[in-house]
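Some notes on the structure that comes next.
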DNA sequence: TAAAAATCACCCTTTAGGGGGTATTTTTAA
DNA sequence: TTAAAAATACCCCCTAAAGGGTGATTTTTA
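Protein chains in written order, with the numbering used here: chain H, 594 to 803; chain G, 594 to 803.
Spelled out as structure tokens, the structure:
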């Protein structure tokens, strides 16, 4: 499905200057049309379905319902819509929350309109545009700790533990005995300085061991 | 730290045509210099440290040690190096594995050299460049299931369960009684059709509920 | 103003997980 | 080639944390 010139854009952004600035530039320098703009989600929620937007540009810092909370609600109203987040924050948690809740792209507010228009094209073509700094944050969040004290096998077992497998399942999956899994587990606990599965999972997440 | 014109590039790629093509174009149309190229990691491992590369362009499909396995080894040899992955595969697992193991960027092989040169600039400036399709895959991997049968509280508790917290810790964290946590847990189990924490975690991961 | 969600309590049962050892085989790196 | 590290496997013991059943009140939301 390729980007249609008549694609409809809605902007939800509380800052009037930014809102109107983007709207003007998108309308005048791109093939897309801004069919509506709203200063908040609460102002938009009863009308936006009628706007039939293909793409929503959504600010995170909104009065009332914030952008992150608005995301699933918008998705419920308009299941097919692409949502591009706009924000001054770029903390890992905010970014990850937005993407987890169905955002298609993520940009910081200093993004020039031309990049935003490119992003609209990208999402309409099925891509997932992000500014490089945002992408960096996402990549870092996926990165494992390169200085893990665990061996390959131990890491593998810890990974299976973190996804909820019990000894029996792990043994089957790795074609080894349950007792061997136990031995590895003990060694993992010793190395991580813990003495329960629960703690091991917490340390694993915390130190990005898996 | 800004991109230095004299930044040193190494290419590890088994296809001679691609390898030499990229090398030629980077040397002649960018401010960077390709200081060495290798057809495999095994051919590179004893020499690459002396090349002192700032950026390595690394193919995934290599003879001998493949690119994913080579990643941590290269990082050990050259802790500061940025690695951009190049591949024909774009399966979620491959992409995520590469990023988990310390890749800075990820491109499919049809990427034009000019985009690759941009990517080199991006990583040197601390960004995390990806082609839009790769970014899309990454975003999808982060996405939660919008049709979760769980309530907000239940989701919250399931999330804490998946990171290894026990009833007591969850209760403390949410300022509620342990018995309440138990009730929620029971309801979660009913909704997910499971009857243990382990199973719940597996379903949660599987259906991207958390 | 119903319905859904969130809160709390008591009883009772069990198993998966954890701690302590010991030992052999395979792989890796020097 | 050789010593060290990693992976494999077994035995005994023990209990804390998890799970099941049932009932009830308060708060939130549509």
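Even glycine gets a Cβ: it sits at the ideal position worked out from N, Cα and C. Here the structure is a predicted model, which means the values were calculated and not measured.
Query	Result
Excluding the 5 residues preceding and the 5 following residue 637 of chain G in the sequence, name in chain order all residues of the same chain whose CB lies nearer than 7 Å to its CB.	605 and 631
Just to confirm, is the Cβ distance from residue 656 of chain G to residue 607 of chain G under 8 Å?	yes
Applying the criterion that 16 or more other CB atoms from any shown protein chain within 10 Å of the CB defines a buried residue, is residue 786 of chain G buried or exposed?	exposed
Just curious, the alpha helix (DSSP H) that residue 634 of chain H is in, first and last residue?	634-637
Less than 8 Å between the beta carbons of residue 653 of chain G and residue 682 of chain G, yes or no?	yes
Can you check whether the C-beta of residue 794 of chain H is within less than 8 Å of a C-beta belonging to chain G?	yes
Using a Cβ-Cβ distance under 8 Å, would residue 647 of chain H count as near chain G?	no
If the cut is a Cβ gap below 7 Å, which residues of chain G does residue 774 of chain H touch?	Within 7 Å Cβ-Cβ: nothing; residue 774 of chain H doesn't reach chain G, min ~14 Å.
So which residues on chain G does residue 659 of chain H lean against when the C-beta distance must stay under 8 Å?	Ordered by position in chain G, no residue passes the 8 Å Cβ test against residue 659 of chain H, which lies about 15 Å from the chain.
Check the Cβ-Cβ distances between residue 723 of chain G and every residue of chain H, and say whether any is below 8 Å.	yes
What residues in its chain sit with their C-beta under 6 Å from that of residue 755 of chain H, if we drop five residues either side in the sequence?	794, 797 and 803
Per the DSSP calculation, residue 679 of chain H is bridged to which residue(s)?	H:652 and H:700
Please compile the residues from chain G whose C-beta is within a distance smaller than 7 Å of the C-beta of residue 728 of chain H.	720, 721, 722, 723 and 728
Can you give me, in chain order, the residues of the stretch 653-680 of chain H that have a beta carbon less than 7 Å from any beta carbon in chain G?	665 and 668
Of all the options G:661, G:749 and G:601, which has the alpha carbon lying nearest to the alpha carbon of residue 679 of chain G?	G:661
Output the distance between the C-alpha atoms of residue 619 of chain H and residue 736 of chain H, rounded to the nearest integer angstrom.	36 Å
Which first and last residues belong to the alpha helix (DSSP H) in which residue 771 of chain G is found?	771-785
Tell me, please, whether the CB atom of residue 705 of chain G is closer than 8 Å to any CB atom in chain H?	no
Taking only three categories from DSSP, how would you classify residue 626 of chain H?	strand
Check whether the stretch 686-698 of chain G touches the stretch 711-724 of chain G, taking contact to mean three or more Cβ pairs, one atom from each stretch, closer than 8 Å.	yes
How about the stretch 747-761 of chain G and the stretch 663-674 of chain G: do they share at least three Cβ pairs that are nearer than 8 Å?	no
Tell me, which residues are paired with residue 602 of chain H by DSSP?	H:627 and H:648
Check whether the Cβ atoms of residue 625 of chain H and residue 602 of chain H lie closer than 8 Å to each other.	yes
Quick one: which chain H residues come within Cβ less than 7 Å of residue 737 of chain G?	693 and 694
Counting Cβ pairs, one atom from each stretch, are 3 or more of them under 8 Å apart for the stretch 762-769 of chain H and the stretch 725-732 of chain G?	no
Taking the C-alpha atoms as reference points, what is the distance between residue 647 of chain H and residue 768 of chain H?	49 Å
I need the boundaries of the alpha helix (DSSP H) containing residue 759 of chain G, first residue and last residue.	Where residue 759 of chain G is concerned, there is no enclosing alpha helix (DSSP H), given that its DSSP letter is neither H nor E.
Kindly indicate if chain H contains any beta-carbon less than 8 Å away from that of residue 689 of chain G.	yes
Residues in its own chain within less than 6 Å of residue 720 of chain G by CB, not counting five upstream and five downstream?	none
Would you decide whether residue 729 of chain G is buried or exposed? Buried here means 16 or more other CB atoms lie within 10 Å of its CB.	buried
With a threshold of 8 Å on Cβ separation, who are the neighbours of residue 623 of chain G within its own chain once the five nearest residues in sequence on each side are excluded?	710 and 713
Which residues, in chain order, does the stretch 731-757 of chain G contribute to contact with chain H at a C-beta distance below 8 Å?	731, 732, 733, 735, 736, 737, 739, 755, 756 and 757
Secondary structure at residue 595 of chain G, three-state DSSP: helix, strand or coil?	For residue 595 of chain G, the pLDDT reaches just 48, beneath the cut-off of 50, and the residue's location in the model is therefore unreliable, leaving the point undetermined.
Less than 8 Å between the CB atoms is what I'm expecting for residue 629 of chain H and residue 670 of chain H, so what's the real figure, rounded?	The Cβ separation is near 13 Å, so there is no contact.
Let me see if you follow: with CB-CB separation under 8 Å, is residue 791 of chain H close to chain G or not?	yes
Comparing C-alpha positions only, which one of G:801, G:615 and G:747 sits nearest to residue 773 of chain G?	G:747
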